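To start, the structure itself, in structure tokens.
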Amino acid sequence: MASAATNSPTEIDPKARFFRYFQHEVTALQEEIAQLAETSVSGGERADGVEHCLAGIARLSNEVKESSSRIPVYDLRTYDEAIKALSEKLQKTRASFAPRPKFTFKSAMRTRSSLTSPKKEDRGRSERRFEESSWPKSTPATMQDNPVNGNEDAVENGENGNGLPTHEFEPSVNVSVSNHERKHVTLPDNGSVIGNISDINHCVVDLSAPALGGHPLSSLAMKYVTESLIIDGDIRGPVHVTGLERCVIVVASRQFRMHDCKNCDVYLHCSSRPIVERCEGISFAPLPETYTKEFQRQTTNKYDQVDDFNWLKAERNPHWRVLPPAERTEESVWRKIVPREADINVENILQVTKVIRESVAQTAP
Numbered sequence: 142m143a144s145a146a147t148n149s150p151t152e153i154d155p156k157a158r159f160f161r162y163f164q165h166e167v168t169a170l171q172e173e174i175a176q177l178a179e180t181s182v183s184g185g186e187r188a189d190g191v192e193h194c195l196a197g198i199a200r201l202s203n204e205v206k207e208s209s210s211r212i213p214v215y216d217l218r219t220y221d222e223a224i225k226a227l228s229e230k231l232q233k234t235r236a237s238f239a240p241r242p243k244f245t246f247k248s249a250m251r252t253r254s255s256l257t258s259p260k261k262e263d264r265g266r267s268e269r270r271f272e273e274s275s276w277p278k279s280t281p282a283t284m285q286d287n288p289v290n291g292n293e294d295a296v297e298n299g300e301n302g303n304g305l306p307t308h309e310f311e312p313s314v315n316v317s318v319s320n321h322e323r324k325h326v327t328l329p330d331n332g333s334v335i336g337n338i339s340d341i342n343h344c345v346v347d348l349s350a351p352a353l354g355g356h357p358l359s360s361l362a363m364k365y366v367t368e369s370l371i372i373d374g375d376i377r378g379p380v381h382v383t384g385l386e387r388c389v390i391v392v393a394s395r396q397f398r399m400h401d402c403k404n405c406d407v408y409l410h411c412s413s414r415p416i417v418e419r420c421e422g423i424s425f426a427p428l429p430e431t432y433t434k435e436f437q438r439q440t441t442n443k444y445d446q447v448d449d450f451n452w453l454k455a456e457r458n459p460h461w462r463v464l465p466p467a468e469r470t471e472e473s474v475w476r477k478i479v480p481r482e483a484d485i486n487v488e489n490i491l492q493v494t495k496v497i498r499e500s501v502a503q504t505a506p
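The sequence shown runs 142 to 506 under our numbering.
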């Protein structure tokens with residue numbers, strides 16, 4: 142786990158370098174705002190994207206304030222105008238997402254002037270009928286009407302060797318993995334699902350099968366997990382992590398947020414800047430090659446460009462760091478040992494992936 146959260150220090154640079162940095166950040170935020178229109182609203186993905194943009198603008202504004210004593214007055218004015226323009230652009234973009242007002246005719250369609258106009262009360266009834274018919278009819282959600290075993294959508298506590306669940310899920314079903322201890326839990330590859338992980342202790346939870354099979358999860362929320370390895374694989378939308386301690390997380394996602402977490406290692410591929418709030422001892426590293434897809438190799442990984450809502454200063458952040466290569470789990474472990482749940486117990490997997498470091502890991506031949 143991350144013991145001393147010491148990311149590389151950020152020195153106070155001359156005004157020219159700060160100007161280049163500011164330009165780069167403004168361009169990145171403009172691109173993020175422009176992408177909001179193409180972001181799905183399902184699973185709160187678009188709302189999370191808006192929050193991410195707001196956080197970026199707030200961070201940039203605070204960085205300007207922190208450096209104001211070293212920036213000429215004219216440049217300060219330029220920075221303030223640029224930040225104001227970003228805020229206005231985000232506001233206009235959000236306004237464009239609002240539902241359009243319902244269009245209705247204020248009067249019934251008129252025929253040729255030679256025809257007699259309908260009576261006033263008839264027109265009123267006609268208008269009401271038209272307005273009622275103009276409302277869009279609600280459609281059912283895309284979830285399956287009859288998931289396997291009725292409404293049962295949680296991983297059962299049944300054990301197979303090291304506690305492998307045997308429950309199968311229909312595509313597009315919400316899946317919850319909760320209330321497990323000292324077990325190895327996996328998710329079968331049978332369709333995209335919305336995932337929830339909660340109340341897990343001393344476990345290995347592997348949700349990578351859907352992504353490896355071409356059916357990545359649409360979103361994921363993790364809460365209250367301790368001393369566990371969580372392999373999430375590829376998540377199409379946002380990942381929200383709350384209240385984790387002494388865990389290792391392996392995940393690729395478009396958005397990543399951590400709240401109230403302590404002493405966790407995060408192996409991450411993220412196309413946007415990760416966000417942490419009220420966290421301590423968090424270490425970030427790039428996603429292992431074993432779980433990296435070809436298209437991800439072609440995109441920028443911002444795993445080390447973390448926004449911290451509780452540290453807006455320009456100085457070194459004490460809450461998170463980049464995990465040094467010497468402290469990362471070796472690639473051979475992810476490729477050869479972790480997938481072998483049948484002949485390696487949970488304890489050993491937690492050791493070789495450095496969730497537990499008290500004793501020397503025992504690896505299978």
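For every residue, glycine included, the Cβ atom is placed at its ideal position computed from N, Cα and C.
These numbers were taken from a predicted model, which means no experiment stands behind them.
Taking its Cβ as the centre, do 16 or more other Cβ atoms sit within 10 Å of residue i, making it buried, or is it exposed?
i	result
residue 494	buried
residue 287	Low local confidence applies: a pLDDT of 34 at residue 287 is under 50, so the model's placement there is unreliable, and no value is given.
residue 293	At residue 293 the pLDDT is 37, less than 50, meaning the model places this residue with poor confidence; the figure from the coordinates comes in the next sentence. Classification of residue 293: exposed, given that the 10 Å Cβ count is below 16.
residue 470	buried
residue 215	exposed
residue 472	exposed
residue 414	buried
residue 159	buried
residue 426	buried
residue 157	exposed
residue 208	buried
residue 451	exposed
residue 477	exposed
residue 238	exposed
residue 320	exposed
residue 210	exposed
residue 253	Caution is warranted here: a pLDDT of 45 is assigned to residue 253, below 50, making its placement in the model unreliable, and the coordinate value is therefore given only provisionally. Under this definition residue 253 is an exposed residue.
residue 182	exposed
residue 277	Note that residue 277 has pLDDT 34, beneath the 50 cutoff, so the model's placement of it is unreliable and no number is given.
residue 201	buried
residue 327	buried
residue 438	exposed
residue 496	buried
residue 187	buried
residue 441	exposed
residue 541	It is not possible to answer for residue 541, since the shown part of the chain is limited to 142 through 506.
residue 462	buried
residue 240	exposed
residue 490	buried
residue 357	buried
residue 229	exposed
residue 170	buried
residue 173	buried
residue 195	exposed
residue 309	With a pLDDT of only 37 at residue 309, under 50, the local geometry of the prediction cannot be trusted, and the value read off the model is given with reservation. Label assigned to residue 309: exposed.
When the Cα of residue i is compared with those of the options, which residue comes out closest?
i	options	result
residue 433	461, 361, 392	392
residue 402	340, 382, 163	382
residue 436	491, 371, 324, 377	377
residue 346	357, 422, 466, 368	368
residue 454	169, 196, 490, 203	203
residue 221	236, 205, 466, 213	205
residue 178	164, 195, 211, 231	231
residue 316	339, 324, 229, 323	339
residue 370	219, 492, 186, 442	492
residue 465	407, 190, 490	407
residue 322	365, 350, 219	365
residue 475	318, 428, 439	428
residue 223	423, 487, 490, 165	165
residue 448	188, 404, 399	399
residue 217	163, 394, 438, 359	163
residue 421	445, 410, 386	386
residue 485	350, 344, 443, 446	344
residue 443	423, 412, 463, 419	412
residue 374	388, 229, 350	350
residue 458	468, 467, 423	423
residue 419	404, 389, 409	404
residue 360	219, 180, 384	180
Under 6 Å: does the beta carbon of residue i sit that close to some heavy atom of the ligand NAD?
i	result
residue 349	As far as ligands go, the structure on display features none, and thus does not contain the ligand NAD.
Report back the beta-carbon spacing between residue i and residue j to the nearest angstrom; my notes put them in contact at under 8 Å.
i	j	result
residue 372	residue 193	Actually they do not touch by this definition, with Cβ atoms about 24 Å apart.
residue 337	residue 362	5 Å
residue 191	residue 324	With 8 Å as the limit, residue 191 and residue 324 do not qualify as a contact, their Cβ atoms being about 37 Å apart.
residue 379	residue 197	No, residue 379 and residue 197 are not in contact; Cβ-Cβ is about 15 Å, not under 8 Å.
residue 396	residue 189	5 Å
Looking at chain C, is there any beta carbon in it that lies within less than 7 Å of the beta carbon of residue i?
i	result
residue 414	Absent here is chain C; the protein component of the structure consists of one chain.
Open item on the list: Ignoring anything shorter than 3 residues, give me the beta strand (DSSP E) runs that lie fully in the region 353-431, in order along the chain.
Closed with: 360-367, 370-375, 379-383, 389-394, 396-400, 403-411, 416-418, 421-427
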